[in-house]
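Residue numbers (full-length UniProt numbering): 1 to 79.
Okay, structure first, notes after.
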Amino acid sequence: MPRSVTPSPLWLVRPRSDGGNDYVSFLPSQGAVEMREGSHLPPQMPLLKRRRSLAIEEAEACTRRLQQEAGYHRSEPLF
Numbered sequence: 001m002p003r004s005v006t007p008s009p010l011w012l013v014r015p016r017s018d019g020g021n022d023y024v025s026f027l028p029s030q031g032a033v034e035m036r037e038g039s040h041l042p043p044q045m046p047l048l049k050r051r052r053s054l055a056i057e058e059a060e061a062c063t064r065r066l067q068q069e070a071g072y073h074r075s076e077p078l079f
């Protein structure tokens, strides 16, 4: 997989049965990647569940795992 996490933000989204979405965003940050996990059910404010910093290689592996095993797909930013 190309280093898609590094140059620009990446959003992964998984729909929920209540009409909302779980999301994971990967944001480049000074040689690392900030990973934010949360949920969003419009019109409510998004809920941030977890935030952590990952090395670029860890972020790439996490992106693949979320897409292959957890049902997430690439998306435009939710908000």
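Just so it is clear, CB atoms sit at the ideal spot from N, CA and C, and this is done for glycine as well.
Predicted model, so just to flag it, every value in this text is computed and none were measured.
The beta carbons of PHE26 and ALA59 sit about 5 Å from each other, so the pair counts as a contact at 8 Å. In this chain, the alpha helix (DSSP H) harbouring LEU66 covers 56 to 69. A direct Cα-to-Cα measurement between GLY19 and HIS40 gives close to 9 Å. Residues of the same chain with a CB within less than 8 Å of the CB of GLU57, apart from the 5 flanking positions on each side, do not exist. Closest by C-alpha distance to ARG51, out of GLU69, SER17, TYR23 and TYR72, is TYR23.
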